[in-house]
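**Q**
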Amino acid sequence: MASVDNVMSLLVVLYQHCENVAALKGACSRIRNIVGIFEPLLRAYLAAMRGKPLPAWVRELEKALGDGIDAVKKIKANPMKAKMFPASYTGKLEDVRTRIRDAMEAIALTNATLGVQAKDAMASIGTDLSA
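In structure tokens form, the structure reads like this:
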């Protein structure tokens, strides 16, 4: 079961791990940029949802963030392997980016006030979301 605090802490951990990666800096910095813009939006959404049942996409986001942390840890642990075989690592990070984008779209559809902010956030990081 996803919890608000767990999702937020996973976002912070993913951001921190992406800051400290030596290999595949481009892919990791795109994730870091997305997380940095998404975090305040998600924080506002989850604050509005406190005490209410969380939608199913929050569990998917929690899993995506955990997968992202695992991928970045593997990149940090094996920088040479990540440089020699980047596709397997960038594919995992691409999946995380897609799932974060899906969460941003879900926020845009479920909360009118935050929906405008979500759309603006997606527009401001459009290249990072689609890269």
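In our numbering, the protein residues as written are 3 to 133. Ideal placement from N, C-alpha and C gives every residue a C-beta, glycine not left out.
1. So L16 and I109 are in contact, right, with Cβ under 8 Å, and what is the actual spacing, rounded?
2. Are three or more beta carbon pairs between the stretch 33–40 and the stretch 91–103 nearer than 8 Å?
3. Looking at C-alpha atoms only, which residue of V60, H19, A24, E64 is the closest neighbour of P81?
4. On the premise that V9 lies in contact with V60, defined as a C-beta separation below 8 Å, what is that separation, rounded to the nearest angstrom?
5. Report the CB separation of L48 from V6 in whole angstroms; it is logged as a contact under 8 Å.
6. Please report how far the alpha carbon of A46 lies from the alpha carbon of D122, in whole angstroms.
7. Out of K94, A58, T92, which one is the CA nearest neighbour of T112?
**A** According to the structure shown:
1. At roughly 18 Å, the Cβ-Cβ gap does not stay under 8 Å, so L16 and I109 are not in contact.
2. yes
3. A24
4. 6 Å
5. 5 Å
6. 15 Å
7. A58
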